[in-house]
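Chemist: After the structure tokens below, expect a handful of questions from me.
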Amino acid sequence: MAEERRDPKVEAVVQRIEAAHLQATVAKLVSFGTRHTLSDTTSDTRGIGAARRWLAAEFASIGKRTKVFEDRFTAQPGPRIPAPVEIVNLGVTIPGTDAARAKQAIVMTGHYDSIPSDTMDPKTDAPGADDDASGTSMALELARAFAAESPAVTLYFVAVAGEEQGLVGSQHLAERLKAEGVEVLAMTSVDIAGNGEGQDGIRDTGSGRVFSEGVPAVESEAQQKLRNAVGGENDSPAREWARYLQRVGERYGDGLRLRVMLRRDRIARGSDHISFARAGFPAARLMESRENYRRQHQTPRVENGVEYGDDLAHFDAPYAARLCRALGAAIASLALSPAPPQQVVLAGAVSPDTRLRWTLAADPRIAGVILYRRDAGEVRWEHATWLGKVDKAVLPSLVPDNFFFAVATVDAAGNESLPQPPGELGR
Ligand SMILES: [Zn+2]
């Protein structure tokens with residue numbers, strides 16, 4: 001395996017993330033009673049209006065290299081929106097410094113809206129501590145942790161609304177970025193990421209789950225043809241980002257284990273990464289390992305001695321901080337990494353040898369290329385081989401049918417681009 005180095009710059013970002021900050025943000029968001037998308041916007045103490053004004057002030061106070069970002073629009077009536085309602089996605093961007101990659105970005109979101117048992121009830125308490133003050137607190141914490149950094153590509157940390165009403169806020173955000181010509185390299189929705197004890201009573205604060213689509217929601221005919229030809233269902237851009245988040249998150253994560261789930265989301269559930277997938281961007285969802293369904297989408301109450309409700313008391317800030325650090329590490333490493341290999345060609349079909357070639361961008365930070373390989377029956381990359389600064393590789397006596405391959409560029413500090421699987425078959 002190629003050496004897995006830890007870049008002090010990435011470690012510095014990770015070390016700024018504190019459980020106490022997440023705890024304070026979640027407590028404040030819970031204090032607004034409900035953050036239902038259709039709730040009151042005039043009160044300063046209750047409802048989504050108060051929550052978003054508080055969040056806006058927090059994001060605005062970060063300063064340094066951050067720029068305040070707002071995506072405000074009127075959502076038209078739909079299945080879960082009875083009348084036009086203003087939706088505000090808000091956060092910060094941290095501008096990229098590589099002029100050649102000015103339109104590239106990494107996006108992270110948490111949704112700050114919440115619901116009680118009745119999806120359409122904007123008045124009843126809906127504390128939404130885990131779903132999803134947890135993810136929102138991470139958007140704010142990551143914005144602070146990266147505030148003074150100079151990433152190669154632009155970073156977006158955004159608190160979105162309208163998730164519970166049908167991913168309405170993130171859909172607008174994804175379409176807006178697409179219309180602005182932003183190329184999202186990787187998007188992550190952190191949603192339900194602070195409950196350390198499942199409904200089954202099992203505690204697990206040592207692992208997290210990463211969900212991503214295998215077959216892309218948006219695919220050209222040529223991409224579909226190639227996917228069918230090589231069996232690329234497990235190598236979509238979203239899945240490569242999920243593996244990257246797992247690998248780099250674990251590298252910096254002090255024993256945290258991340259599980260790459262071979263599903264777009266939990267069964268019949270969804271989150272804001274799906275909006276980005278539909279816009280054609282690689283997107284994943286990061287969340288806790290064990291859920292308690294009595295604390296999701298439930299009006300706080302006690303029924304037959306059983307407690308329901310997504311309350312502050314069950315938010316596990318140290319666990320959330322571990323997940324946040326893993327994501328922070330992966331975003332930092334990707335944001336510092338050089339331009340990835342392009343035009344990766346796989347040759348060697350019906351042959352005992354594998355041959356790969358690619359082109360390298362004129363990015364002075366490319367120190368070399370890492371070749372990833374895994375057995376065709378595996379999920380994780382099993383081999384990482386340092387190749388130096390080259391544009392091809394011949395692997396004698398490795399039949400391509402039996403493996404998956406991808407190549408990544410890496411800088412001198414060990415920050416790797418997203419691995420690029422072959423996009424073309426050649427001779
Ligand atoms: Zn949620």
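Position 427, counted from 1, in the sequence shown is what our numbering calls 427; the numbers after and before it change by one each time, with no gaps. Don't be surprised by glycine CBs; every beta carbon is placed ideally from N, CA and C. On a predicted model such as this, the values are computed, not experimentally measured, just so you know.
Could you please give the first and the last residue of the uninterrupted beta strand (DSSP E) stretch that includes K392?
Modeler: Along the sequence shown, one-based indexing puts residue 392 at 392. Start and end: K392 to L395.
Chemist: May I have all residues whose beta carbon comes closer than 5 Å to any heavy atom of ligand 1, sorted in chain order?
Modeler: Those satisfying the condition are, in chain order, D131, D132 and D191.
Chemist: If you compare alpha carbons, which of D7, A148, R101 and D130 is closest to F315?
Modeler: What you label residue 315 is simply residue 315 of the sequence shown in a count that begins at 1. Of the candidates D7, A148, R101 and D130, the one whose C-alpha sits nearest the C-alpha of F315 is D130.
Chemist: List in chain order: all unbroken beta strand (DSSP E) runs of 3+ residues lying wholly within the segment 8-96.
Modeler: 67-75 and 85-94
Chemist: Counting Cβ pairs closer than 8 Å, one from the segment 214-223 and one from the segment 344-363, do we hit at least three?
Modeler: no
Chemist: By a C-beta neighbour count over all protein chains shown, 10 Å radius and 16 as the cutoff for buried, is A412 buried or exposed?
Modeler: The residue labelled residue 412 in the question sits at position 412 within the sequence shown. Exposed is the call here.
Chemist: What residue range does the beta strand (DSSP E) around T359 cover?
Modeler: On the sequence shown, residue 359 is found 359 positions in, with the first residue counted as 1. From DSSP, the beta strand (DSSP E) with T359 extends over T354 to T359.
Chemist: In angstroms with no decimal places, state the Cα-to-Cα distance between D391 and D235.
Modeler: Residue mapping note: residue 391 aligns to position 391 of the sequence shown, counting from 1. Residue mapping note: residue 235 aligns to position 235 of the sequence shown, counting from 1. Cα-Cα distance, rounded: 21 Å.
Chemist: Compute the Euclidean distance between the alpha carbons of H111 and D132, then round it to the nearest angstrom.
Modeler: Counting from 1 along the sequence shown, the entry for residue 111 is found at position 111. Counting from 1 along the sequence shown, the entry for residue 132 is found at position 132. Distance between the alpha carbons of H111 and D132 is about 6 Å.
Chemist: Based on the DSSP output, what are the partners of T109 in its beta bridges?
Modeler: Counted from its first residue, the sequence shown places residue 109 at position 109. Per DSSP, V158 and S189.
Chemist: Does the Cβ of S397 have 16 or more other Cβ atoms within 10 Å, making it buried, or fewer, making it exposed?
Modeler: Numbered from 1 along the sequence shown, position 397 holds the residue referred to as residue 397. Its Cβ having fewer than 16 others within 10 Å, S397 is exposed.
Chemist: Should S275 go down as buried or exposed, given a rule of 16 or more other Cβ atoms within 10 Å for buried?
Modeler: Counting from one through the sequence shown, the residue named residue 275 turns up at place 275. Buried is the call here.
Chemist: Are the CB atoms of A361 and Q342 nearer to each other than 8 Å?
Modeler: Counted from its first residue, the sequence shown places residue 361 at position 361. Counted from its first residue, the sequence shown places residue 342 at position 342. Yes. Within cutoff.
Chemist: The alpha helix (DSSP H) with F276 in it runs from where to where?
Modeler: What you label residue 276 is simply residue 276 of the sequence shown in a count that begins at 1. Taken as a continuous stretch (DSSP letters only), the alpha helix (DSSP H) holding F276 covers H273 to R278.
Chemist: Tell me which residues share the same chain as M1 and place their Cβ nearer than 7 Å to its Cβ, disregarding the 5 neighbours each side in the sequence.
Modeler: Taking the sequence shown and counting its residues from 1, the one referred to as residue 1 is at position 1. Caution applies to M1, whose pLDDT of 49 falls short of 50 and renders its modelled position unreliable; the model cannot decide the point.
Chemist: Given a threshold of 16 other Cβ atoms within 10 Å of its Cβ, counted over all protein chains shown, does G348 qualify as buried or as exposed?
Modeler: Your numbering for residue 348 matches position 348 in the sequence shown. It is buried - the Cβ of G348 has at least 16 other Cβ atoms within 10 Å.
Chemist: Only counting runs of 3 or more residues, tell me where the beta strand (DSSP E) segments fall wholly within the segment 264-328, in order along the chain.
Modeler: 283-288, 301-303 and 306-308
Chemist: Could you say which of T74, Y156, A161 and G414 lies nearest to V184 if we only look at CA atoms?
Modeler: Translated into the one-based positions of the sequence shown, residue 184 becomes position 184. Answer by Cα proximity: Y156.
Chemist: If you draw a straight line from the alpha carbon of N45 to that of W54, how long is it in whole angstroms?
Modeler: Looking up residue 45 in the sequence shown gives position 45. Looking up residue 54 in the sequence shown gives position 54. Residue 45 is actually Thr in this sequence, not Asn. For T45 and W54, the distance between alpha carbons rounds to 10 Å.
Chemist: How should A12 be labelled, buried or exposed, when 16 other C-beta atoms within 10 angstroms of its C-beta is the threshold for buried?
Modeler: As a first step, residue 12 must be located in the sequence shown, where it is residue number 12. Exposed, because fewer than 16 other Cβ atoms sit within 10 Å of the Cβ of A12.
Chemist: Tell me, please, which residues DSSP counts as bridged to W386.
Modeler: By 1-based counting over the sequence shown, the position of residue 386 is 386. Paired residues: I370.
Chemist: L177: which of E197, R374 and F281 sits nearest, CA to CA?
Modeler: Working through the sequence shown from its first residue, we reach residue 177 at position 177. Just measuring C-alpha positions, the residue of E197, R374 and F281 sitting nearest L177 is F281.
Chemist: With a threshold of 16 other CB atoms inside 10 Å of the CB of R209, please say whether the residue is buried or exposed.
Modeler: As a first step, residue 209 must be located in the sequence shown, where it is residue number 209. Result: buried.
Chemist: Exposed or buried, A20, counting other C-beta atoms within 10 Å across all chains shown (16 or more means buried)?
Modeler: Locating residue 20 in the sequence shown gives position 20, where the first residue counts as 1. The residue in question, A20, is exposed, as its Cβ has fewer than 16 Cβ neighbours within 10 Å.
Chemist: Mind checking which residues open and close the alpha helix (DSSP H) that includes S134?
Modeler: Here residue 134 corresponds to residue number 134 of the sequence shown, with the count starting at 1. From DSSP, the alpha helix (DSSP H) with S134 extends over S134 to A145.
Chemist: Excluding the five sequence neighbours on either side, which residues of its own chain have a C-beta within less than 7 Å of the C-beta of D98, listed in chain order?
Modeler: Taking the sequence shown and counting its residues from 1, the one referred to as residue 98 is at position 98. Taken in chain order, the residues that qualify are A152 and V153.
Chemist: Let me know the secondary structure DSSP gives S207 once reduced to three states.
Modeler: Residue mapping note: residue 207 aligns to position 207 of the sequence shown, counting from 1. Of the three classes helix, strand and coil, the one that applies to S207 here is strand, per DSSP.
Chemist: For M1, which three-state DSSP category applies?
Modeler: Against the sequence shown, residue 1 aligns to sequence position 1. Here M1 scores only 49 on pLDDT, less than 50, and its place in the model is too uncertain to base an answer on.
Chemist: Taking 8 Å as the threshold (C-beta atoms), are I115 and E149 in contact?
Modeler: Locating residue 149 in the sequence shown gives position 149, where the first residue counts as 1. Locating residue 115 in the sequence shown gives position 115, where the first residue counts as 1. Not in contact: E149 and I115 (Cβ atoms no closer than 8 Å).
Chemist: Leaving out five residues before and five after G194 in sequence, what residues of the same chain have Cβ atoms less than 6 Å from its Cβ?
Modeler: Reading the sequence shown from its first residue, position 194 is the one you call residue 194. The answer, listed in chain order, is D130, S134, F315, D316 and A320.
Chemist: Assuming contact is defined by CB atoms lying nearer than 8 Å, are G414 and R5 in contact in what I supplied?
Modeler: Here residue 414 refers to the residue found at position 414 when the sequence shown is read from its first residue. Here residue 5 refers to the residue found at position 5 when the sequence shown is read from its first residue. Cβ atoms of G414 and R5: closer than 8 Å.
Chemist: Does DSSP classify G201 as helix, strand or coil?
Modeler: Here the question's residue 201 lines up with position 201 in the sequence shown. Note: G201 maps to coil in three-state DSSP.
Chemist: What is the C-beta distance between P127 and D311, in whole angstroms, given that I count them as a contact (C-beta under 8 Å)?
Modeler: As a position in the sequence shown, residue 127 is number 127, starting the count at 1. As a position in the sequence shown, residue 311 is number 311, starting the count at 1. Confirmed, Cβ separation roughly 5 Å.
Chemist: Can you tell me the Cα-Cα spacing of A339 and S61, whole angstroms?
Modeler: As a working note, residue 339 is residue 339 in the sequence shown. As a working note, residue 61 is residue 61 in the sequence shown. Cα to Cα, A339 sits roughly 32 Å from S61.
Chemist: Hey, would you say P422 sits closer than 8 Å to V230, going by beta carbons?
Modeler: Residue mapping note: residue 422 aligns to position 422 of the sequence shown, counting from 1. Residue mapping note: residue 230 aligns to position 230 of the sequence shown, counting from 1. In contact: P422 and V230 (Cβ atoms closer than 8 Å).
Chemist: DSSP on R257, reduced to helix/strand/coil?
Modeler: Taking the first residue of the sequence shown as 1, we reach residue 257 at position 257. Three-state DSSP puts R257 in a strand.
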